[in-house]
Structure formats: C-alpha cells, structure tokens
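In this note's numbering, the protein residues as written are 28 to 332.
Heads up, the beta-carbon is just placed ideally off N, CA and C, and yes, glycines get one too.
As the structure is a computational prediction, the values presented were derived from the model and not from experiment.
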C-alpha cells in the first residue's frame, strides 16, 4: 500500500507523561542498573538498564527489599525471584483508583502491571465518560487486563485480546477480584494481528483502540511478531476498524532501539485525512528518592480532538 495523500493530523511533541509515587505504587530509588519499587506491601528490586546513575539511598534501604529478581536482564529474559526475608506467595493484592487486582511474581521479571500506563488509563477514562454514549474499546496485547478493567468501570464495552492463555486467565482473576464480573468484557486468546484483520473483514468497529505490542512475540499458533516489520500493517488495520465517530488510538512501544519520532511519523501517516492530533513522547516514572525521571517506554496516540 502506498502512502496516503491528504492533510496530516496536527501534532504535539514531545509529550512527557509521568506517574508520581502514591500509596499503592512508587519508584523509591534507582541506579547502578537497578530499580527499587514499592508495590503495595512489598519492596521489589528489578534490573533497569536505563538507570545509569548512582542510587540516592544507601545500601541499608535497598537491603529492606522483600523480593529481588535475578537472572537475565533483558525485558523478556527468564530468571527467578529471591526473597531475602521470607518466602512470598505468587500473588498479592493491589489497587488502582479503587480497582482491586493481583500483583504477581513472574519468571520474566514483570509483576502483572505496568504502572507507567496509568496516564493512558486516566486519559481513556476521560474520553469514555465525556462521550456520553456507548463506547467500544479494543485492547490488543492486553496482558493481565488492568486497562480493560478501567475501561469497563468507566462504562465501555471492552474486547480484550492476548495471545497468552495464562495472561487471559490472570485477567479474568483480576476482573473477579475487582468486582467487575458483570461488566461487558470479551476475553479472547488469539493472535492480535489475525483478530484485527478478521474484525476488518467483518466490518466491526471500535471507538478506542489500545496497542501495547512487545518488541518480539509469538501467537498461540506459532505466529511470529516483529515490531518493526509488523507494526505498520497493524496500525493500518486499526484505522480500518475504527468506528464512524472514533475517539483515540493509543500505541505504546517497549524495549526498542528507536526514537519516539519513528512511531510518531508512522501514526501521523496512518491517520492522514482523519483530522485530530497525534501526540507522541515518553512515559516516565518520577522517583521518590531524588526526583529523577525514569523513562519506561515510547508512546504515540491519535486523538480525534
């Protein structure tokens, strides 16, 4: 497909969206290639390649950690958790803006939630509540479902797609724990690209689409996902399955060697002729100890107004 002709959407960049420490989650300190975080009742240490500065807190504070991830430092690298004081269970209760969910120690150093996404969730909630009409949200690469729960709590009909059967199971657990079992959420275990393409053939449409793809991944039937190769076509498909009165398409990109200008240009080209605005930049978490900003990911979002 050739490049579309027509006016580009307006642009706003760079946009830095940051998360501040609160009672449920805080980036306590960072440095030396690691980060010290507070997730509910637990202090957790995980690798962080971008923390090339020195920690602000002394070793005594770091030694109070309840869990330490050891092993491969890649974003999707395998490893294990060490519990210095006492063994901990696989899960523990957490809350976000009144929504209960489970934190979880996984073998990939993740804990079942990406707190830096809270700014996107708040933006999405505002769009849903301000629309004053039924809103359909598609959450591709939905993981453990917190974005889907925020959308459902705000009143949207949600379709949640993830290739991992285990992640879908965790997301369902979170829905039950949040007391949102009566909300309209479709949980679909499928390759995100194939699902979106099928929705385009069926003529189905969504008002808000969330895209949170990995740099590399595999679908349930061995489908291979490579972000730089496959993202452009998926963004085009997302445009095709927008409703007649769309609100937003939100793209977040983790663990890639690229500037946000790259995905910004892709999104502006993809939404030629649709008006609105493309906002791009970085998601950051503000550190409690010294106030430094730790960048976690790039993002770009098209908003209708």
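Among the options, which has the Cα closest to the Cα of residue i?
i	options	result
residue 249	220, 328, 262	220
residue 207	54, 67, 173	173
residue 97	281, 201, 107	107
residue 198	222, 289, 166	166
residue 275	51, 85, 305	305
residue 296	329, 323, 316	329
residue 62	211, 331, 320	320
residue 120	67, 164, 161, 114	67
residue 130	242, 41, 70	70
residue 84	311, 323, 316, 49	316
residue 263	281, 209, 236, 125	236
residue 203	49, 128, 60	128
residue 126	229, 192, 148, 86	148
residue 48	245, 209, 146	146
residue 191	201, 301, 218, 114	218
residue 243	230, 228, 281, 157	281
Going along the chain, which residues of its own chain have a beta-carbon closer than 6 Å to the beta-carbon of residue i, five neighbours each way excluded?
i	result
residue 213	186
residue 95	72, 109
residue 31	299
residue 144	none
residue 310	44, 143, 323, 324, 326
residue 211	184
residue 92	70, 72
residue 65	53, 55
How many whole angstroms separate the CB atoms of residue i and residue j, which I take to be in contact at a CB cut-off of 8 Å?
i	j	result
residue 232	residue 270	4 Å
residue 308	residue 43	5 Å
residue 45	residue 313	5 Å
residue 278	residue 238	4 Å
residue 268	residue 226	5 Å
residue 258	residue 240	7 Å
residue 303	residue 266	In fact, because the Cβ distance is near 12 Å, the residues do not count as touching under 8 Å.
residue 290	residue 325	6 Å
residue 224	residue 123	Wrong, their Cβ atoms sit about 32 Å apart, outside the cutoff.
residue 117	residue 141	Not confirmed; about 19 Å, so no contact.
Checking the sheet assignment: what are the DSSP bridge partners for residue i?
i	result
residue 325	280, 309
residue 216	189
residue 249	Paired residue(s): none; residue 249 is not in a bridge.
residue 27	Residue 27 falls outside the range modelled here, since the chain spans only 28 to 332, and no answer is possible.
residue 166	187, 237
residue 65	53, 70
residue 37	304
residue 130	119
residue 108	96
residue 330	275, 304
residue 269	233
residue 320	313
residue 58	61
residue 244	252
Within its chain, find whatever has a CB closer than 7 Å to the CB of residue i; leave out the 5 residues flanking it on each side and keep chain order.
i	result
residue 189	168, 169, 170, 195, 216
residue 155	162, 178, 181, 182, 183
residue 273	234, 331
residue 301	36
residue 205	126, 127, 128, 176
I'd like the list of long-range same chain contacts for residue i, defined as Cβ closer than 8 Å, with 5 residues on each side in sequence excluded.
i	result
residue 90	111
residue 151	164, 174, 177, 178, 181, 235, 237, 275, 277
residue 60	74, 75, 76, 78, 79, 100
residue 158	234, 274
residue 200	129
residue 41	287, 307, 308, 309
residue 222	167, 188, 215
residue 88	55, 56, 63
Say whether the segment 174–182 touches the segment 75–89, bearing in mind that this needs 3 or more beta-carbon pairs closer than 8 Å, one atom from each stretch.
-> no
Do three or more CB pairs link the segment 127–137 to the segment 236–255 at distances below 8 Å?
-> no
Validate contact between the segment 55–65 and the segment 32–39 using beta carbons, cut 8 Å, 3 pairs = At 8 Å Cβ cutoff, the stretches do not touch.
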